[in-house]
Amino acid sequence: MKDNIKGSNIFRHFKAEVKDNIELNKNHFLLTLSPLVENIMMPAGGQFYMLGVSTLYDPLMKRPFSVFRFSENRIQILYRVRGKGTAIMSRINSGCVLDVIGPLGNSYPMPPKKYTPLIVAGGIGIASLFSLIHCLKDKSVVIYGAKTKSELCMLDDLLGLVSGLTVCTDDGSYGKKATVLEALNDIAYDRDYLLYSCGPKEMLRKLAQFTLKKGLKGYISLEETMACGLGACLGCAVKTKNGYKRVCKEGTVFPIQDIAW
Amino acid sequence: MVNTEVTIGKLTLKNPVMTASGTFGYGEEYSEFVDLSRLGALVVKGISLKPMEGNPPPRISETPCGMLNAIGLQNIGLKKFINEKLPFIKGFDTCLIVNILGRTIDEYVRLSTELEASGLSAIELNVSCPNVKSGGIEFGTSQKALGRLTRKVRKAFKGTLIVKLSPKVSDIREFARLSEAEGADAISLINTVPAMAINIKTRMPVLSNVTGGLSGPAIKPIALRMVWEVASAVKIPIIGMGGIMNASDAIEFILAGATGVAVGTSNFRNPASVIEIIDGIESYMRENGIKHIKELIRGIIC
Chain A
2 MKDNIKGSNI FRHFKAEVKD NIELNKNHFL LTLSPLVENI MMPAGGQFYM
52 LGVSTLYDPL MKRPFSVFRF SENRIQILYR VRGKGTAIMS RINSGCVLDV
102 IGPLGNSYPM PPKKYTPLIV AGGIGIASLF SLIHCLKDKS VVIYGAKTKS
152 ELCMLDDLLG LVSGLTVCTD DGSYGKKATV LEALNDIAYD RDYLLYSCGP
202 KEMLRKLAQF TLKKGLKGYI SLEETMACGL GACLGCAVKT KNGYKRVCKE
252 GTVFPIQDIA W
Chain B
452 MVNTEVTIGK LTLKNPVMTA SGTFGYGEEY SEFVDLSRLG ALVVKGISLK
502 PMEGNPPPRI SETPCGMLNA IGLQNIGLKK FINEKLPFIK GFDTCLIVNI
552 LGRTIDEYVR LSTELEASGL SAIELNVSCP NVKSGGIEFG TSQKALGRLT
602 RKVRKAFKGT LIVKLSPKVS DIREFARLSE AEGADAISLI NTVPAMAINI
652 KTRMPVLSNV TGGLSGPAIK PIALRMVWEV ASAVKIPIIG MGGIMNASDA
702 IEFILAGATG VAVGTSNFRN PASVIEIIDG IESYMRENGI KHIKELIRGI
752 IC
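From first to last, the protein sequence lines stand for chains A and B.
Mind the numbering: the first sequence is residues 2 to 262 in the numbering used here, read in order.
Mind the numbering: the second sequence is residues 452 to 753 in the numbering used here, read in order.
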């Protein structure tokens, strides 16, 4: 479907062929899509796609996934198998064609020059932050944590991208034995940091308290169940200090201090 | 060339396909994906006099072949709708139907008169939302309340008056007959079916509202049966909805007695769904030698 608003021939609803769907480690997969139209809109870090994972009615809805990496003819999605939709998705073979809508939502704002980006990724939250890290490269300090080693993804790529990387696991099976919040305590806050984070809701909630205590500002990307991804169903509402906002439309990226936890 | 034109009250629709209220926003959200001028009618999200905040999340959940929602009628309110949304929608060549909801009869009357003053010619009374504490389904499940409401709004509003019925009644035909007797131009049915889901890990309801409205293919057979029942009870047109996902579903509703069909949950899954259904109905008519859509309405053989 053409983008009528801008009067251009850019597509945000298209079919894409699955090029690869590789299991990276337990329950984590990297899906590579090749759009079957030429003029797709290029995504920005933090944006997402709605993917039709089944042509049957169970599951019924498309599923939202952050853009992990992209080029002109490739969209990569890093995902974890969590429910019925992602379980089906993990069994999709190369050559299959998926219905895709996107890119959708807003994106991470670039940091003003005086700030050092402090990027905190919890678990599969790395999927949303990776393209931001890629864009900022060595300008940023990155903390990436997961429960255990088998939940860490794309470490080699990350190590190649950024030198200020701290990897931690809750059980100490890789990197520092700490949660990302504990790892944050080891940082000297004598610089102007601007936080960017994505991960489990509880982690983000604690991070909000932490940033308030430290006087930090920043952005988080939220995840909510959504049906349409276009702002119509109002299913993905999140409570902010200015009333309910749609994660798919006003988000997924919000200033961390705006969320009413 | 097939003729898909249908008449609902004072409206002439270029085809029978419309959007179901609450599933298509205010039209803008889909305008990038759908040529709104191709729609038979655009039914916008329910409007109340004052803006409504809606229910706390989680508001939606998927069930097998269906979806539960308890949005709680979040909307921007009448004033903002008229000032900010209406000018955009009016730019398209389609019929516009505004779904309205109130806590009291007076609120429904005010909404209809103010919309009429703004040039609106069709309203749909939402008397069947299962997700709010006052108003909504209270009117749709009491014959006395529905009768009074329809009568009062009918007196106040000259345009096309549609009453959207709830499936949460023992005999929907009685509510349809009553709406017709009190002056409704058409009846739309069904709204979502009150339902729930429980997370067995937390032992908590999946929705913060505990219960929600079930929509999608899971409710289609129920909706179809109710449209068929109502078709034998009233003479005014019926707008059928409930789990219409493709042209074949839409044709089933038309055969059961619907003059118009509304597409809801399917819009969430595929934003181009309404257009595919319009095209599919035309193809079916061509393939089966049907020149006018009227030949299909109530065309069920039984």
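We put the CB at the ideal spot given by N, CA and C, even for glycine.
Quick caveat, the model's predicted, so the values are computed rather than measured.
Problem set entry | Delimiting residues of the beta strand (DSSP E) encompassing asparagine 26/A | Residue mapping note: residue 26/A aligns to position 25 of the first sequence, counting from 1. Taken as a continuous stretch (DSSP letters only), the beta strand (DSSP E) holding asparagine 26/A covers 14-26.
For this session: List the residues of chain A that isoleucine 651/B touches, going by C-beta distances under 8 Å, in chain order.
Result: Taking the first residue of the second sequence as 1, we reach residue 651/B at position 200. Correct list: empty, because the minimum Cβ distance to chain A is about 14 Å.
Exercise. If you measure from the beta carbon of glutamate 727/B to each beta carbon in chain A, is any gap under 8 Å?
Worked result: The residue you call residue 727/B lines up with position 276 of the second sequence. Closer than 8 Å: no.
For this session: Identify the continuous beta strand (DSSP E) that holds valine 604/B and give its terminal residues.
Result: In the second sequence, the residue the question calls residue 604/B occupies position 153. No beta strand (DSSP E) contains valine 604/B, which is instead part of the alpha helix (DSSP H) from 594-607.
Exercise. For glycine 460/B, which residues from the same chain have a beta carbon less than 6 Å from its beta carbon, with the 5 sequence-adjacent residues on both sides left out?
Worked result: In the second sequence, residue 460/B corresponds to position 9, counting from 1. Around glycine 460/B: Thr611, Asp636 and Ala637.
Problem set entry | Per DSSP, the bridge partner or partners of cysteine 199/A | The count along the first sequence starts at 1 and reaches residue 199/A at position 198. Beta-bridge pairing links cysteine 199/A to Ala122/A and Ser222/A.
Exercise. Looking at the structure shown, is asparagine 534/B part of a helix, part of a strand, or coil, going by DSSP?
Worked result: Numbered from 1 along the second sequence, position 83 holds the residue referred to as residue 534/B. If DSSP states are grouped into helix, strand and coil, asparagine 534/B belongs with the helices.
Problem set entry | With 16 other Cβ atoms within 10 Å as the buried cut-off, status of alanine 568/B | Within the second sequence, the letter at position 117 stands for residue 568/B. Exposed, because fewer than 16 other Cβ atoms sit within 10 Å of the Cβ of alanine 568/B.
Exercise. Straight-line CA distance for alanine 17/A to cysteine 229/A?
Worked result: As a first step, residue 17/A is located in the first sequence; it is residue number 16 there, counting from the start. As a first step, residue 229/A is located in the first sequence; it is residue number 228 there, counting from the start. Their Cα atoms are separated by approximately 19 Å.
For this session: Measure from the alpha carbon of asparagine 186/A to the alpha carbon of each residue in Cys199/A, Met227/A, Thr226/A and Leu119/A, then state which is nearest.
Result: Stepping through the first sequence from its first residue, residue 186/A is reached at position 185. Out of Cys199/A, Met227/A, Thr226/A and Leu119/A, Leu119/A has the C-alpha closest to the C-alpha of asparagine 186/A.
Problem set entry | Collapsed DSSP secondary structure at cysteine 154/A in the structure displayed | Locating residue 154/A in the first sequence gives position 153, where the first residue counts as 1. It is coil, neither helix nor strand.
For this session: For chain E, find out if any of its Cβ atoms is closer than 8 Å to the Cβ of isoleucine 522/B; answer yes or no.
Result: Among the chains of the structure shown, chain E does not appear; the protein chains present are A and B.
Problem set entry | Contact belief for isoleucine 498/B with leucine 562/B at Cβ below 8 Å, rounded distance in angstroms | The count along the second sequence starts at 1 and reaches residue 498/B at position 47. The count along the second sequence starts at 1 and reaches residue 562/B at position 111. Indeed they touch by this definition, with Cβ atoms about 7 Å apart.
Problem set entry | lysine 250/A, buried or exposed, once every other Cβ within 10 Å from all chains shown has been counted against 16 | Here residue 250/A refers to the residue found at position 249 when the first sequence is read from its first residue. Looking at its Cβ environment, which holds 16 or more other Cβ atoms inside 10 Å, lysine 250/A is buried.
Exercise. With DSSP run on the structure shown, which of helix, strand or coil describes valine 560/B?
Worked result: Reading the second sequence from its first residue, position 109 is the one you call residue 560/B. Valine 560/B: helix per DSSP, three-state reduction.
For this session: Over the uninterrupted beta strand (DSSP E) stretch that includes leucine 675/B, give me the two end residues.
Result: By 1-based counting over the second sequence, the position of residue 675/B is 224. Unbroken run through leucine 675/B is the alpha helix (DSSP H), 671-682; no beta strand (DSSP E).
Exercise. Apart from the five residues just before and just after lysine 7/A, which ones in its own chain have a Cβ nearer than 6 Å to its Cβ?
Worked result: As a first step, residue 7/A is located in the first sequence; it is residue number 6 there, counting from the start. Note on lysine 7/A: pLDDT 41, under 50, position unreliable in the model; no value is reported.
For this session: Could you round the C-beta distance between proline 507/B and serine 699/B to whole angstroms and report it? I think they count as a contact, below 8 Å.
Result: Counting from 1 along the second sequence, the entry for residue 507/B is found at position 56. Counting from 1 along the second sequence, the entry for residue 699/B is found at position 248. Not a contact, Cβ separation roughly 38 Å.
For this session: Would you mind giving the Cβ-Cβ distance between lysine 150/A and serine 174/A, rounded to the nearest angstrom? I have them listed as a contact below 8 Å.
Result: Mapped onto the first sequence, residue 150/A falls at position 149. Mapped onto the first sequence, residue 174/A falls at position 173. Lysine 150/A to serine 174/A, Cβ: 4 Å. Contact.
For this session: Say whether chain A places a C-beta atom closer than 8 Å to the C-beta of arginine 510/B.
Result: Counting from one through the second sequence, the residue named residue 510/B turns up at place 59. Closer than 8 Å: yes.
Exercise. Which whole-angstrom value is the C-beta distance of glycine 694/B and leucine 519/B, which I expect to be below 8 Å?
Worked result: Position 243 of the second sequence, counted from the start, is the residue given in the question as residue 694/B. Position 68 of the second sequence, counted from the start, is the residue given in the question as residue 519/B. Between leucine 519/B and glycine 694/B the Cβ distance is about 14 Å, and since that is not below 8 Å, they are no contact.
Exercise. In this structure, what does DSSP give as the bridge partners for glutamine 299/A?
Worked result: Here chain A comprises residues numbered 2 to 262, so residue 299/A is not present and cannot be evaluated.
Exercise. Once you ignore the five residues that flank leucine 235/A on each side, which residues in its own chain have a CB closer than 7 Å to its CB?
Worked result: Counted from its first residue, the first sequence places residue 235/A at position 234. Hits under 7 Å: Arg247.
For this session: Taking all protein chains shown into account, decide if asparagine 5/A is buried (16 or more other Cβ within 10 angstroms of its Cβ) or exposed.
Result: Reading the first sequence from its first residue, position 4 is the one you call residue 5/A. Any reading at asparagine 5/A needs caution, since the residue's pLDDT is 40, under 50, leaving its predicted position unreliable; the model's value is listed next. Asparagine 5/A should be labelled exposed.
Exercise. Does the distance from the CB of isoleucine 748/B to the CB of threonine 710/B come in under 8 Å?
Worked result: Against the second sequence, residue 748/B aligns to sequence position 297. Against the second sequence, residue 710/B aligns to sequence position 259. Yes, the Cβ-Cβ distance between isoleucine 748/B and threonine 710/B is below 8 Å.
For this session: Note the first and the last residue of the continuous alpha helix (DSSP H) segment covering phenylalanine 704/B.
Result: For the purposes of this step, residue 704/B is identified with residue 253 of the second sequence, where counting begins at 1. From DSSP, the alpha helix (DSSP H) with phenylalanine 704/B extends over 698-707.
For this session: Check whether the Cβ atoms of lysine 207/A and leucine 182/A lie closer than 8 Å to each other.
Result: Locating residue 207/A in the first sequence gives position 206, counting from the first residue. Locating residue 182/A in the first sequence gives position 181, counting from the first residue. Cβ atoms of lysine 207/A and leucine 182/A: closer than 8 Å.
For this session: Would you identify the three-state DSSP class for proline 467/B, choosing helix, strand or coil?
Result: For the purposes of this step, residue 467/B is taken as the residue at position 16 of the second sequence. Coil at proline 467/B, not helix or strand.
Problem set entry | Exposed unless 16 or more other CB atoms sit within 10 angstroms - verdict on methionine 692/B | By 1-based counting over the second sequence, the position of residue 692/B is 241. Result: buried.
Exercise. Leaving out the 5 sequence neighbours to the left and right, which residues in its chain are closer than 6 Å to proline 44/A when beta-carbon positions are compared?
Worked result: The residue labelled residue 44/A in the question sits at position 43 within the first sequence. Excluding positions up to five away in sequence, the list reads Val68, Phe71 and Pro104.
Exercise. From this set, Gly634/B, Ala713/B, Leu500/B and Ala669/B, which residue's C-alpha is nearest lysine 603/B's C-alpha?
Worked result: Residue 603/B sits at position 152 when you count from the first residue of the second sequence. Per the Cα distances, Gly634/B.
Exercise. In the segment 471-483 of chain B, which residues sit with their C-beta less than 9 Å from some C-beta in chain A, listed in chain order?
Worked result: Gly473, Thr474, Phe475, Gly476, Tyr477, Glu479, Glu480, Tyr481, Ser482 and Glu483
For this session: Give the secondary structure of arginine 720/B by DSSP, where H, G and I count as helix, E and B as strand, and everything else as coil.
Result: Here residue 720/B refers to the residue found at position 269 of the second sequence. In the structure shown, arginine 720/B sits in a helix (DSSP, three-state: H, G or I).
Exercise. Does any residue of chain B bring its CB to less than 8 Å from the CB of proline 60/A?
Worked result: Reading the first sequence from its first residue, position 59 is the one you call residue 60/A. Yes, proline 60/A lies at the interface with chain B (some Cβ there is under 8 Å from its Cβ).
For this session: Spatial neighbours of methionine 2/A within its chain, please: CB distance less than 6 Å, with the 5 preceding and 5 following residues excluded, ordered by chain position.
Result: Translated into positions along the first sequence, residue 2/A becomes position 1. For methionine 2/A, the predicted model reports a pLDDT of 40, less than 50, meaning its position is unreliable; a value from the coordinates is still stated below. Contacts found: His14.
Exercise. Does DSSP put glutamate 631/B in a helix, in a strand, or in coil?
Worked result: One-based indexing of the second sequence puts residue 631/B at position 180. In this structure, glutamate 631/B counts as helix in the three-state DSSP scheme.
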